[in-house]
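Worksheet: one structure, shown below.
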Amino acid sequence: MNNFDYDLIVIGAGSGGTRTARIASGYGAKTAVIEGDRAGGTCVLRGCVPKKLLIYGSEFSHQVEDAIGYGWETGSFKSNWKDLISKKNKELDRLHGIYKNLIITSGCDLIPGWGKVLSAHEVLVKNKSSKERKISAKKIMIAVGGKSSFPEFDGNLNMINSDEALDLKELPKSILIYGSGYIAVEFAGIFNGFGVETNLVFRSDFVLRGFDLDIRKKLTEQIENRGIKVFSKTTIEKIEGNDQFLTHLSNGKKILSDKVMGATGRIPNIETLGLNEIGLKTGKQGNIIVNEFNQTNIESIYAIGDVTDRINLTPVAIAEGHAFSDREFGNKNRFISYNNVPSAVFSQPPVSVVGLTLEDAKTLNIKAKEFVSEFNPLKNTITGKQEKTLMKLVVDENDKVLGAHMLGDYSPEIIQGIAVSIKAGAKKSDFDATIGIHPTAAEEFVTMK
Ligand code: NDP
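Laid out in structure tokens, this is it:
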């Protein structure tokens, strides 16, 4: 039984899989990483990183508006999409190289190909030329992430997903984006910033279901003020077309656009893993079910990250993989905490949160109240721009801060720091006793009455 090729096989060289493999190998585990695509995964190659680069690129149009408000005279100012995409791709090549090197220099075997789990200890690897190879390990880690998923309706495959939207050869003149989650609002901001006529169609009242209601309302209003056409409480009935697309909406309207993008959620990427055949338990959406050890119902098989569909954020997958390898190969009794995980939506303006909303507290039967600050930032006083920042602290009856929520510029940078204090159990009185940095937006968090 001990004659395995490896101690650990990791399927998927994304952020979570790479961290798992590197740490395991560092403890002396003989480790293989199987990856059919380039090393790097969703976040590095098709998500967080390229998206943030395009967000940076798109924000300049708003910054030019501010600059004009401050007296700058601008000549012609236009973006070069092709140039940006090519520079972005060059950066992704560099990052892919770094990931590949990280895996190899940490002593792991990087095996190109797609993995199929054959049994509790065996994986079949099929490479691009369809050559197959069977390898075995004491433990198998599945870290294959997720992929986008579209609802069923006529012409739904006319929609592009976020992978394709990040790599469009030409900037479209117009786009319709379906959905109002993280991806939809982030891409709506990107296209709107680049001057694309942007339509956002979604089924709920406001964008970002699950976030604080006042922040949702305000962001919906603000993105509309920035020029995005918002169609709330609306679904798509069908999409027709080839070069241009005519989208039929449930409100009877029809919208013609160069592109239609679907951002209606992601599902675990398990299709070719052969999990049913070996009796590995998955949930309704195909999410791999794991216990607190990230272990599946098959003792030697584990899973981390988006394929488990819990908190689908890169830093969570990385933390899960690191803790797994610490436990399994480093003899450390380490687990991660899923409480107070901060996150940001890089909408324009961005939203960032950590901890509970007042609504969450109510659902959990916790007595709490909220402190709110809403203001037009100092920067806007000169330009006359009206785009208010909204901040909230949710505090329980023992004065403990349960959550912090912010809509406005720099919110992801600010909330990351606040998350440390909430994680450390800070009370509202600790916030009050902290001297603010003046003049900033962040100081509002320590002056809320
Ligand atoms: P989300 O789950 O955030 O949003 C899905 C959107 O699609 C919602 O607006 C939802 O509507 C809508 N939707 C779902 N099913 C249907 C349907 N059948 N018909 C119409 N609308 C539908 O998914 P995303 O794809 O935006 O992102 C996936 C995950 O990726 C996120 O949950 C997040 O964890 C992660 N991510 C994180 C980022 C970050 O940290 N900045 C950035 C991008 C992604 P409704 O709200 O009504 O359910």
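The opening position of the sequence shown corresponds to residue 94 in this note's numbering, with each subsequent residue numbered one higher.
We put the beta carbon where it would ideally sit given N, CA and C, even for glycine.
Quickly, what does DSSP pair Val438 with across the bridge? List them, please.
Locating residue 438 in the sequence shown gives position 345, where the first residue counts as 1. In the DSSP output, where bridge partners are listed per residue, Val438 has Val444.
Hey, out of Thr135, Ile308, Asp336 and Asn344, whose CA is closest to Phe43's CA?
Here the chain comprises residues numbered 94 to 542, so residue 43 is not present and cannot be evaluated.
Candidates Ile233, Ile511 and Glu421: closest to Val447 by CA position:
Here the question's residue 447 lines up with position 354 in the sequence shown. Selected option, being the one with the closest Cα: Ile511.
Confirm the yes/no value for this check: CB of Val137, any heavy atom of ligand 1, distance under 7 Å.
Locating residue 137 in the sequence shown gives position 44, where the first residue counts as 1. The answer is no for Val137.
Could you check where the alpha helix (DSSP H) with Ser514 kicks off and where it finishes?
Within the sequence shown, the letter at position 421 stands for residue 514. Secondary structure note for Ser514: its alpha helix (DSSP H) is the uninterrupted segment Ser504 to Lys516.
Classify Tyr271: buried if its beta carbon has 16 or more other beta carbons within 10 angstroms, exposed otherwise.
Here residue 271 refers to the residue found at position 178 of the sequence shown. Its Cβ being crowded by 16 or more others within 10 Å, Tyr271 is buried.
Rounded to the nearest angstrom, how far is the Cβ of Ser118 from that of Lys231, given a contact under 8 Å?
Translated into positions along the sequence shown, residue 118 becomes position 25. Translated into positions along the sequence shown, residue 231 becomes position 138. Not quite, the Cβ-Cβ distance comes to about 14 Å (not below 8 Å), so this is no contact.
For Asn380 and Thr407, which I take to be in contact (beta-carbon distance under 8 Å), what is that distance rounded to the nearest angstrom?
Here residue 380 is taken as the residue at index 287 of the sequence shown, counted from 1. Here residue 407 is taken as the residue at index 314 of the sequence shown, counted from 1. About 17 Å; that fails the 8 Å criterion.
For Met94, count the other beta carbons within 10 Å of its own beta carbon; 16 or more makes it buried, fewer makes it exposed. Which is it?
As a first step, residue 94 must be located in the sequence shown, where it is residue number 1. Note that Met94 scores 49 on pLDDT, short of 50, meaning its location in the model is unreliable; the coordinates nonetheless yield the value given after this. Within 10 angstroms of the beta-carbon of Met94 lie fewer than 16 other beta-carbons, which makes it exposed.
Bridge partners - Ile102, DSSP secondary structure assignment
Counting from one through the sequence shown, the residue named residue 102 turns up at place 9. Bridge partners of Ile102: Ala125 and Ile233.
Nearest CA to the CA of Ser514: which residue from Phe246, Pro532, Val539 and Lys326?
As a first step, residue 514 is located in the sequence shown; it is residue number 421 there, counting from the start. Nearest option by C-alpha distance: Val539.
Alpha carbon to alpha carbon, how far is Arg302 from Ser436?
Taking the first residue of the sequence shown as 1, we reach residue 302 at position 209. Taking the first residue of the sequence shown as 1, we reach residue 436 at position 343. Those two C-alpha atoms are separated by around 14 Å.
Whole-angstrom distance between Gly274 and Ser297, CA atom to CA atom
By 1-based counting over the sequence shown, the position of residue 297 is 204. By 1-based counting over the sequence shown, the position of residue 274 is 181. Each residue's Cα considered, the two are about 10 Å apart.
Within the same chain, show all residues whose beta-carbon is closer than 7 Å to that of Ser466, passing over the 5 residues directly before and after it, in chain order.
Here the question's residue 466 lines up with position 373 in the sequence shown. Same-chain partners within the cutoff: Met484, Glu537 and Met541.
Is Arg319 helix, strand or coil when you go by DSSP?
The sequence position of residue 319 within the sequence shown is 226, counting from 1. The answer is coil: DSSP assigns Arg319 none of H, G, I, E or B.
Hey, could you find the ends of the alpha helix (DSSP H) Lys181 is sitting in?
Counting from one through the sequence shown, the residue named residue 181 turns up at place 88. From DSSP, the alpha helix (DSSP H) with Lys181 extends over Trp174 to Thr198.
Option nearest Leu495 by Cα separation, candidates Pro505, Leu306, Lys460 and Phe243:
Along the sequence shown, read from residue 1 onward, the residue named residue 495 stands at position 402. Answer by Cα proximity: Lys460.
For Ser169, does the count of other Cβ atoms within 10 angstroms reach 16, so buried, or fall short, so exposed?
Locating residue 169 in the sequence shown gives position 76, counting from the first residue. Flag for Ser169 reads exposed.
Over the uninterrupted beta strand (DSSP E) stretch that includes Asn292, give me the two end residues.
Counted from its first residue, the sequence shown places residue 292 at position 199. Per DSSP, Asn292 belongs to the beta strand (DSSP E) from Glu290 to Val294.
Let me confirm a value: Val237 is counted as buried when at least 16 other C-beta atoms fall within 10 Å, else exposed. Which label applies?
For the purposes of this step, residue 237 is identified with residue 144 of the sequence shown, where counting begins at 1. Buried, since its Cβ has 16 or more Cβ neighbours within 10 Å.
State yes or no: is the C-beta of Ile276 nearer than 7 Å to some heavy atom of ligand 1?
In the sequence shown, the residue the question calls residue 276 occupies position 183. Yes; taking the cut-off as 7 Å, the Cβ of Ile276 has a heavy atom of ligand 1 nearer than that.
Does the beta-carbon of His531 have 16 or more other beta-carbons within 10 angstroms, so that it is buried, or is it exposed?
One-based indexing of the sequence shown puts residue 531 at position 438. The residue in question, His531, is exposed, as its Cβ has fewer than 16 Cβ neighbours within 10 Å.
DSSP state of Val383 mapped onto helix, strand, coil:
By 1-based counting over the sequence shown, the position of residue 383 is 290. In the structure shown, Val383 sits in coil (DSSP, three-state: anything other than H, G, I, E or B).
So, are the CB atoms of Ile391 and Leu373 less than 8 Å apart?
What you label residue 391 is simply residue 298 of the sequence shown in a count that begins at 1. What you label residue 373 is simply residue 280 of the sequence shown in a count that begins at 1. Yes.
Should the region 317-328 be regarded as contacting the region 209-228, the criterion being three or more beta carbon pairs within less than 8 Å?
no
What did DSSP end up calling Tyr395 once you bin it into helix, strand or coil?
Residue numbering aside, residue 395 sits at position 302 when the sequence shown is read from its first letter. The three-state reading of DSSP puts Tyr395 in strand, counting E and B together.
Does the beta-carbon distance from Lys175 to Leu147 come in below 8 Å?
If you number the sequence shown from 1, residue 175 lands on position 82. If you number the sequence shown from 1, residue 147 lands on position 54. Contact: no.
For the region 261-269 against the region 125-134, are there 3 or more C-beta pairs whose distance is under 8 Å?
no
Please name the residue in Tyr163, Gly107 and Ala122 whose C-alpha comes closest to that of Ile475.
In the sequence shown, counting from the first residue as 1, residue 475 sits at position 382. The candidate whose alpha carbon is nearest that of Ile475 is Tyr163.
Return the CA-CA distance between Leu195 and Lys123, expressed in angstroms with no decimal places.
By one-based count along the sequence shown, residue 195 stands at place 102. By one-based count along the sequence shown, residue 123 stands at place 30. The alpha-carbon atoms of Leu195 and Lys123 are separated by roughly 15 Å.
One question on the structure: do Leu185 and Leu138 come within less than 8 Å of each other, judged by their Cβ atoms?
In the sequence shown, the residue the question calls residue 185 occupies position 92. In the sequence shown, the residue the question calls residue 138 occupies position 45. In this structure, Leu138 lies closer than 8 Å to Leu185 by Cβ.
Ligand 1 and Asn194: does the residue's C-beta get closer than 7 Å to at least one heavy atom of that ligand?
Here residue 194 corresponds to residue number 101 of the sequence shown, with the count starting at 1. For ligand 1, not one heavy atom lies less than 7 Å from the Cβ of Asn194.
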